[in-house]
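**Q**
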């Protein structure tokens with residue numbers, strides 16, 4: 001019985017991490033949308049346009065990649081915890 005409790009506690013912790021990762025993902029997406037909205041209000045020319053494109057590139061190719069990696073790791077941990085819980 002103790003092992004089942006431990007497995008359920010582990011699963012709950014992994015679920016909490018997954019929820020935190022999802023919240024972080026939503027924040028990145030919402031920040032990206034807000035940035036894009038503010039950038040599109042101005043004409044994408046000159047220095048401002050270059051800065052806007054650089055920020056968009058950073059958002060899509062750096063922040064989102066790291067976020068998806070974290071989500072993948074959480075999903076793998078959840079699957080492992082579920083498998084362990086079911087085997088108990």
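In my numbering, the protein residues as written are 1 to 88.
Note that CB positions come from ideal geometry on N, CA and C, so glycine has one too.
For residue 65, count neighbouring Cβ atoms within 10 angstroms of its own Cβ and tell me buried if that reaches 16, exposed if not.
**A** It counts as exposed.
**Q** So, is residue 21 buried or exposed, given that buried needs 16 or more other C-beta atoms within 10 angstroms?
**A** The residue is buried, with at least 16 neighbouring Cβ atoms inside 10 Å.
**Q** Since I believe residue 78 is in contact with residue 14 (beta carbons under 8 Å), could you give me their beta-carbon distance rounded to a whole number of angstroms?
**A** Right, their Cβ atoms sit about 5 Å apart.
**Q** Should residue 34 go down as buried or exposed, given a rule of 16 or more other Cβ atoms within 10 Å for buried?
**A** Residue 34 should be labelled exposed.
**Q** Is the beta carbon of residue 7 less than 8 Å from the beta carbon of residue 73?
**A** Cβ distance not < 8 Å, so residue 7 and residue 73 don't count as in contact.
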